[in-house]
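Student: Below: one structure in structure tokens.
Protein chains in written order, with the numbering used here: chain A, 5 to 408; chain B, 5 to 408.
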């Protein structure tokens, strides 16, 4: 008998019919002999509805009260799902974040879980009940309702699994697993049976938005085996865990990409200590997130510095950079917001030389010019003109045999 | 500086615009220097929407989960109202029933308040905040969410006022006070400036459904001055309190009536101890509520027994009574479901003789035949044919000078 945490997102519980389908799935798992904790999101559309109510009153809703408001979304779902389980003869009990003492810090709208009191949940499991928990929410040490930010239900599920030392945390979503790349771009994309936490982090942050990054980090930190699978179809999904002997021996697990990039370059900056900070400090102060950063020595005394930002922040970042350039007496500032990032991800890369050159070769064969390169232990990212996105992804998918 | 509890019902907070109007009212009261606690209901329509969701899943929704579901209705309102207050520069903080420890028994869907922990509310008031509390809900000793049943927000407001020894509990509603009778029946009906708890109880239970009976009982028990006033118009409303010297010296405060009555009579029952129980026992066992009860001695050895029930229960009660009549060897059973009850209510009745005869005279003058009479210390009720309802109410309103 295993202890399984299942998490169903907004689309999976988006209507009465879907809630009933989830109840069928949960009951089936329970009948198979496992103990089940279910974490659910608000019914799809509900959070947006509540946010519009708030915005009708305040342009910037009071953060504490916004959490009081938004947390009702999941509370509706837990009640309805518990009723659906009871109706199927499957004893169930619902809990809000506050009721099971999901203790968070006091950062309203983006709180972080600090502790979970598992006594109540354990007692229900021992009594043979399915426990249904509202995702995305908790309480701070003063009992104020907090929310974890959008998508925080994944984090709730993982935190619950960690606190109760569950055997597996299953994230049910509208895709049936993690793919080698986006099937809308490469029709031969293949579902992975397994992937490591590190790879998943790189895949998620690079645009394969299957899981919340925080949830994956959390699962990795507490070694909670995480499985992504479909709410709507049968199937094994993809298991995310630490690398082990049974792991597929692929060098590359997948290809991630990001369409929303823009790149900025400052050329001929006097090369002296602290220059990177002088360039990026004002950008960070403007709350612009920087993704890739590359610095080259251009001549003996000056350096070229390039970084990428989200395309929405491009114009703002360019203005800031021009000011900085004037201050630093740099030669020139340039930028391009018609670029994309494509990344190869795989733990196999660590022990296999030549991955990078094979990548560059595959792109060159298609005449794709590489505008920027950045590497980490398990990832190689290149920036290319946006028109090459599909071609580049397909060429790499083919070159690294990911369809097989 | 007074401490005022204000309660706004579902219609008063039924839209964003109305919530903003309530915020204006609350701020005005706060700016006048009083400490304000606001208790709110769910936005009108919301509770029904949630109930339909539940019924789509379970014919008889699980009571515990129904409370989890329904309590979200008020939670939405407290958040939105607090935002509207903050937006007006009026510091506010919202609390669910659980957060201010409104402790109830465990009777889901119809829980009763047992205790309120007022420390948190007092701290907020001292910090200059308006405290916004979700009506209708609490938690049991195990932390399960409970609801007080429909209209329970009035009870929450009164309980809050009692716990904090508030100077006044103001119930804002869609009428501007308690009237001498229903203005839809008697256009000359007049708003009362004051009324006693006892009178209000008689008025409420007899059909002037301005306030929840439980809230009035509660207010009387803890001596919380209660004021009914309009959410939509300015005005003093009606103050409900104990009789005092300043009270209007009217003999009669108002005329209540009830259209939904039906009467049943069992004739020629052997007059022996326990006969009333033998007649009403089976009625009570069938969950039929009995209103008026009148018993007359017909001859030396038999008695006639008449009672009224809600019109919906008439047929069921008649069947039961026929069985009972056969068992008791009674002579006859008769009934009438085209009757109404009209009642004069007033604490002045206690010290004034002749009220009853003046009442009967006024009705006789209009040719209205009285079918049944029942009296209490502060009330005289008569049953008449339903066609006489309006005529009877107007005749009594006139006879007792209530328009003046």
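Think of the CB as a built atom: it goes at the ideal place given N, C-alpha and C, for glycine as much as any other residue.
So which residues on chain B does residue 66/A lean against when the C-beta distance must stay under 7 Å?
Tutor: 86, 87, 90, listed in chain order.
Student: Enumerate, from N- to C-terminal direction, the unbroken beta strand (DSSP E) stretches of 3 or more residues contained entirely within the stretch 192-270 of chain B.
Tutor: Qualifying beta strand (DSSP E) stretches, in chain order: 198-200, 230-234, 242-245.
Student: Whole angstroms are fine: how far does the CA of residue 245/A sit from the CA of residue 362/A?
Tutor: About 28 Å.
Student: Applying a beta-carbon distance threshold of less than 7 Å, which residues of chain B neighbour residue 72/A?
Tutor: Those within 7 Å of residue 72/A in chain B are 79, 82, 83, 98.
Student: Please state the DSSP three-state secondary structure of residue 348/B.
Tutor: In this structure, residue 348/B counts as strand in the three-state DSSP scheme.
Student: Is the CB-CB distance between residue 159/A and residue 218/A below 7 Å?
Tutor: Contact flag set, yes.
Student: On the DSSP letters alone, give me the boundaries of the alpha helix (DSSP H) that residue 75/B sits inside.
Tutor: Taken as a continuous stretch (DSSP letters only), the alpha helix (DSSP H) holding residue 75/B covers 67-91.
Student: Since I believe residue 287/A is in contact with residue 321/A (beta carbons under 8 Å), could you give me their beta-carbon distance rounded to a whole number of angstroms?
Tutor: With 8 Å as the limit, residue 321/A and residue 287/A qualify as a contact, their Cβ atoms being about 6 Å apart.
Student: Closer than 9 Å between beta carbons: that is the criterion. Which residues of the stretch 52-65 of chain A meet it against chain B?
Tutor: Those would be 54, 57, 58, 60, 61, 62, 63, 65, in chain order.
Student: Mind pulling the chain A residues with CB within less than 7 Å of residue 103/B?
Tutor: Within 7 Å Cβ-Cβ: 147.
Student: Can you tell me whether residue 482/A is buried or exposed? The criterion is at least 16 other CB atoms within 10 Å of its CB, across all chains shown.
Tutor: No answer is possible for residue 482/A: the residues shown for chain A start at 5 and end at 408.
Student: Below 8 Å on C-beta distance, what does residue 24/A contact in chain B?
Tutor: Those are 61, listed as they occur along chain B.
Student: Can you tell me whether DSSP reads residue 138/B as helix, strand or coil?
Tutor: Reduced to three states, the DSSP call for residue 138/B is strand.
Student: Which same chain residues, not among the five before or five after residue 114/B, have their C-beta less than 6 Å away from its C-beta?
Tutor: So the qualifying residues of the chain are 153.
Student: Should residue 133/A and residue 104/A be called a contact, given that it needs their Cβ atoms to be closer than 7 Å?
Tutor: No; because the gap between Cβ atoms is not below 7 Å, this pair is not in contact.
Student: Smallest Cα separation from residue 227/A: which of 131/A, 6/A, 167/A, 142/A?
Tutor: Per the Cα distances, 167/A.
Student: Quick test of the definition: if touching needs 3 or more C-beta pairs under 8 Å, does the stretch 327-345 of chain A touch the stretch 356-370 of chain A?
Tutor: Touching, no.
Student: At 9 Å on the CB atoms, spell out the chain A contacts of residue 20/B, in chain order.
Tutor: Within chain A, the residues near residue 20/B are 57, 60, 61.
Student: For residue 144/B, which residues in the same chain have their Cβ closer than 8 Å to its Cβ, ignoring the five residues on either side in sequence?
Tutor: For residue 144/B, where only same-chain residues beyond five positions count, the Cβ hits under 8 Å are 107, 108, 109, 110, 115, 150.
Student: Quick one: is residue 50/B near chain A, going by C-beta distance under 7 Å?
Tutor: So no, residue 50/B is outside the interface.
Student: Give the interface partners of residue 76/A over in chain B, defined as CB-CB distance under 7 Å, in chain order.
Tutor: Ordered by position in chain B, the residues that pass the 7 Å Cβ test against residue 76/A are 76, 79, 80.
Student: Does the separation of the CB atoms of residue 409/A and residue 142/A fall below 7 Å?
Tutor: Residue 409/A is absent from the model: chain A starts at 5 and stops at 408.
Student: Can you tell me where the alpha helix (DSSP H) with residue 292/B in it begins and where it stops?
Tutor: Note, residue 292/B: premise wrong, no alpha helix (DSSP H); not H, not E.
Student: Using only the alpha-carbon positions, how far apart do residue 223/B and residue 162/B sit?
Tutor: Spanning the two alpha carbons is a distance of roughly 6 Å.
Student: Are the CB atoms of residue 171/B and residue 239/B nearer to each other than 7 Å?
Tutor: Against a cut-off of 7 Å, the Cβ pair of residue 239/B and residue 171/B comes out as no contact.
Student: Roughly how many angstroms separate the alpha carbons of residue 349/B and residue 207/B, rounded to a whole number?
Tutor: Their Cα atoms are separated by approximately 7 Å.
Student: Tell me, to the nearest whole angstrom, how far the beta carbon of residue 76/B is from that of residue 47/B; I am working on the premise that it is less than 8 Å.
Tutor: Not a contact, Cβ separation roughly 11 Å.
Student: Just curious, the beta strand (DSSP E) that residue 314/A is in, first and last residue?
Tutor: Run containing residue 314/A: 306-314, per the beta strand (DSSP E) assignment.
Student: Starting from the beta carbon of residue 408/A, find every residue of chain B whose beta carbon is closer than 8 Å, and list them in chain order.
Tutor: By Cβ distance, chain B contributes nothing, its closest Cβ being about 46 Å from residue 408/A, past 8 Å.
Student: Leaving out five residues before and five after residue 22/A in sequence, what residues of the same chain have Cβ atoms less than 7 Å from its Cβ?
Tutor: For residue 22/A, where only same-chain residues beyond five positions count, the Cβ hits under 7 Å are 16.
Student: Verify the CB distance criterion: does residue 293/B have a CB-CB separation below 7 Å to chain A?
Tutor: With 7 Å as the cut-off, residue 293/B does not count as an interface residue toward chain A.
Student: Of all Cβ atoms in chain B, is any one closer than 7 Å to the Cβ of residue 69/A?
Tutor: Yes, its Cβ sits closer than 7 Å to a Cβ of chain B.
Student: For residue 174/B, which residues does DSSP report across the bridge?
Tutor: Answer is 10/B, 231/B.
Student: Taking C-alpha atoms, which residue in 67/B, 398/B, 404/B lies nearest to residue 358/B?
Tutor: Measuring from the Cα of residue 358/B, the nearest candidate turns out to be 404/B.
Student: Does DSSP put residue 385/A in a helix, a strand or coil?
Tutor: Looking at residue 385/A - three-state DSSP - the assignment turns out to be strand.
Student: In terms of residue numbering, what span does the alpha helix (DSSP H) encompassing residue 363/B cover?
Tutor: Unbroken alpha helix (DSSP H) run through residue 363/B: 359-369.
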